[in-house]
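In this note's numbering, the protein residues as written are 1251 to 1441.
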Amino acid sequence: MSIAGNLSAIKSSLPENVTLIVVTKTHPIDKIMEVYNAGHKIFGENKMQEMVDKHEQLPKDIEWHLIGHLQTNKVKYIAPFVYLIHSVDSLKLLQEINKHAVKNNRIINCLLQVYIANEETKFGLDFDEVEAILSSKEFAQLKNIKIVGLMGMATNTENKEQIKNEFHSLKIFFDKLKQLSTFNFQLYQWE
């Protein structure tokens, strides 16, 4: 089946409230253009440098999502164009994103990455850290970022019950935050 055919089949199988982010990791420009020409304009990349290179070569109406870990010293490279950063795991990173958003005269959407996995290789904030950041004076001063939700990655395991329980804990925390805050949060889950 062609890329356009695969894309159409995937999109038709998704519930209406699900947004498909096509991950471009390691894929060449010509394959990405096939997806773009099939009408899809939301792409995710897990490496900052690869995203910058692809952004320079591809149409500018693409909505770019950084889905991988982001170091503070790399924010400046994506701040002019990134639509959503999925992997914010510290107040320091939020402050750096805000600084570069100000320089680029824009507001950058962010997800707080919450650590729900039983794996040391995953990044993220624990529930208490998320609450501390959202209620801090430092966070209140950040006017050029918008927290649009939470993101969690479950443990890389075949144990479906463990995965279900990890995402359930994130959902409970998400619901608690929605009740306590004025944020219009969404919940993002990666399996």
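Every residue, glycine too, gets a C-beta built ideally from N, C-alpha and C.
- Between residue 1273 and residue 1317, the CB-CB gap stays under 8 Å.
- The beta carbon of residue 1377 sits closer than 6 Å to the beta carbons of 1423 from its chain, once the five residues preceding and following it are set aside; these are given in chain order.
- With a cutoff of 8 Å on beta-carbon distance, residue 1351 and residue 1383 are scored as not near each other.
- Secondary structure of residue 1255 (DSSP, three-state): helix.
- As for any alpha helix (DSSP H) of minimum length 4 sitting wholly inside the stretch 1383-1438, the runs are 1387-1390 and 1410-1430, ordered along the chain.
- In the displayed model, residue 1373 falls within coil according to three-state DSSP, outside both helix and strand.
- Its Cα nearest to that of residue 1392, the residue 1342 stands out among 1342, 1406 and 1409.
- Membership of residue 1315 in the beta strand (DSSP E) is indicated by the continuous run 1313-1316.
- Runs of the beta strand (DSSP E) lying entirely within the stretch 1269-1322 and spanning at least 3 residues, in chain order: 1292-1295 and 1313-1316.
- In the DSSP assignment, residue 1328 falls within the unbroken alpha helix (DSSP H) covering 1325-1328.
- By the criterion of a C-beta distance shorter than 7 Å, residue 1380 is surrounded in its chain by 1362 and 1364, once the five residues flanking it on both sides are discounted.
- Using a Cβ distance threshold of 8 Å, residue 1315 and residue 1271 count as a contacting pair.
- Less than 8 Å separates the beta-carbon of residue 1337 from that of residue 1401.
- Here residue 1254 has 1288 as same chain residues with Cβ atoms under 6 Å from its own Cβ, once five neighbours each way along the sequence are excluded.
- For residue 1267, there is no enclosing beta strand (DSSP E), as DSSP marks it with neither H nor E.
- Assignment of residue 1340 by DSSP, reduced to helix, strand and coil, places it in the coil class.
- In the DSSP assignment, residue 1358 falls within the beta strand (DSSP E) that extends over 1358-1364.
- As the crow flies, the alpha-carbon of residue 1409 is around 21 Å from that of residue 1374.
- Residue 1279 sits away from residue 1297, with the two beta carbons spaced by 8 Å or more.
- Out of 1281, 1267, 1276 and 1266, the CA that lies nearest to the CA of residue 1256 is found in 1281.
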